[in-house]
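One structure below.
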Amino acid sequence: MANKSALITGITGQDGAYLAKLLIDKGYNVFGLHARRSTNTLWRLQHLGVESTVQLVEGDLMDLSSLIRAMEKSQACEVYNLGAQSFVGTSWDQPVLTAQVTGVGALNVLEAVRIVNAKARFYQASTSEMFGLIQEEKQSEETPFYPRSPYGIAKLYAHWMTINYRESHGMHASSGILFNHESPLRGIEFVTRKVTDAVARIKQGKQHELRLGNIDSKRDWGFAGDYVEAMWLMLQQDLADDFVVATGQTTTVRDMCRIAFEHVGLDHDKFVVIDPKFYRPAEVDVLLGNPAKAINKLGWRATTDLTTLITMMVDADMKRVSQEV
Ligand code: NAP
Ligand code: GDD
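Using my numbering, the first residue of the sequence shown is number 1027, and each one after it goes up by one.
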């Protein structure tokens, strides 16, 4: 039997790279939507050694015709929509772009799937940001949403569109409501990577302080490598559904910093400077997921605790910074 084909939007991002590697290891032909950029965006695929194995298709989430072409070219039976303007902070500066890429972009992918092959299975990268001002202490699939950022609102639109295509077109369309997940391939703008990169620079004498915003907020942080496994498992189910994917533990940004600095023998209190520039117009104070449904129905479980994750990221940044010329 011929290998299955999968199409990933956002293949150059953190999750796209880990998912591409996972699917290639499972024998899939992996196609990735690749938006043309003037800079090299393939470094994560290169890092995981899959750059020459994935087949890149030019396209953009805002261009439906390019998505239809990508569906036709890939003949994908599984489509993972990971592409997005995914940085919450930027979504206040570029709310319209965020709505178009992160919200309507998902609708464009759903339309391309419906038009070219409505039997293909679809995964939407939903997010714990949709819980925003949390309505329950532990957030599950049943918890009401209250998004607090233009990003969270765009994602909520995409989330409900996914449900709508499942209910009105009978498509196998699932949403993973993923809580924060990180790795050495995390973008530098997100707080964990900003911290682990700074720790490496401070330890090596290349930086003297770390400027942060609200370090009292709490997040449920897991390892991206674990979370892409959950995406794949969702598309292997007989019925499409929505799943919370989380560790079930929450930690302040402050304690995450402490873990990172302590790993190289430094005291975070001596280096962290609070800078109001990094405060958000509306904050999500705390996120804590209840992954019981994913554990019971998918057999999925987070394998990496925060200390292991952060020390892995600090070690990777120590190496990366030491190799800089
Ligand atoms: P990421 O590293 O920021 O990657 C985003 C990807 O989207 C990149 O490949 C980017 O391409 C692509 N993209 C941006 N604008 C595009 C456009 N107009 N057309 C096509 N592609 C475009 O994000 P991530 O951390 O891997 O997250 C993957 C998905 O999960 C995102 O949808 C994110 O919102 C969602 N999510 C993430 C988390 C998390 O904690 N990581 C949690 C919940 C949900 P370029 O490289 O060319 O810019
Ligand atoms: N980025 C950043 N930079 N965040 C800071 C800083 C800083 O200097 N200082 C404090 N923080 C706080 C933010 O205010 C927020 O409360 C927390 O650190 C985490 O910020 P991010 O790492 O930027 O992640 P996020 O939770 O806003 O969003 C991420 O997770 C979502 C899932 O809940 C992103 O990956 C989203 O795409 C994802 O949907």
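Positions of the beta carbon are idealized from the N, C-alpha and C atoms, including for glycine.
Since we're looking at a predicted model, the values are computed, not measured.
- Apart from the 5 residues on each side of it in sequence, Glu1098 sits with its Cβ closer than 8 Å to the Cβ of Val1142 in its chain, given in chain order.
- Counting only runs of 3 or more residues that sit fully inside the region 1235-1268, the beta strand (DSSP E) segments are 1236-1238, in chain order.
- Here Val1299 has Glu1235, Arg1237 as same chain residues with Cβ atoms under 6 Å from its own Cβ, once five neighbours each way along the sequence are excluded.
- If you check the CB distance, Thr1330 and Phe1269 do not come in under 7 Å.
- With a contact defined as Cβ atoms closer than 8 Å, Arg1306 and Gly1239 qualify at about 7 Å.
- In the three-state scheme derived from DSSP, where H, G and I count as helix and E and B as strand, Gln1101 is classed as coil.
- Per DSSP, Glu1155 lies in no beta strand (DSSP E) and is assigned neither H nor E.
- Relative to the ligand GDD, Arg1227 has its C-beta separated by 6 Å or more from all heavy atoms.
- The region 1076-1084 makes no contact with the region 1120-1131, as fewer than three CB pairs between them are under 8 Å.
- With respect to Asp1246, Ala1226 sits apart: the two C-beta atoms are not nearer than 7 Å.
- Taking the Cα positions, Glu1350 is about 22 Å away from Gly1291.
- Beta-carbon to beta-carbon, Ala1256 and Ala1320 are separated by about 6 Å, close enough to satisfy the 8 Å threshold.
- For Gln1081, the enclosing beta strand (DSSP E) starts and ends at 1081-1084.
- With contacts defined as CB atoms closer than 7 Å, Leu1204 and Tyr1253 qualify as a contacting pair.
- Your pair Met1187 and Leu1136 checks out as a contact, with CB atoms roughly 6 Å apart and the cut at 8 Å.
- Ile1037 sits in coil when the DSSP states are folded into three classes, being neither helix nor strand.
- Within the DSSP secondary-structure output, Leu1324 pairs in no beta bridge.
- Taken through DSSP and simplified to helix, strand or coil, Asn1029 comes out as coil.
- For Ala1151, the pairing in a beta bridge is given by DSSP as Gly1202.
- Rounded to the nearest angstrom, the Cβ distance from Ala1146 to Cys1103 is 5 Å, consistent with a contact under 8 Å.
- Tyr1106 and Tyr1149 have their C-alpha atoms some 5 Å from each other.
- Within the same chain, Ile1214, Leu1236, Leu1238 come within 8 Å of Lys1220 by CB-CB distance, once the 5 residues on both sides are set aside.
- Per the C-alpha coordinates, the member of Phe1113, Gly1036, Lys1323 positioned closest to Ile1179 is Phe1113.
- If you ignore the 5 residues before and after Val1076, its C-beta comes within less than 6 Å of the C-beta of Ala1046, Lys1047, Ile1050, all in its own chain and listed in chain order.
- By the C-beta criterion, the region 1051-1058 is judged not to be in contact with the region 1277-1286, since fewer than 3 inter-stretch pairs fall below 8 Å.
- Close CB contacts of Cys1283 within its chain, under the 8 Å cut and outside five residues either way in sequence, are with Val1221, Leu1236, Leu1238, Ile1241, His1294, Val1298 (chain order).
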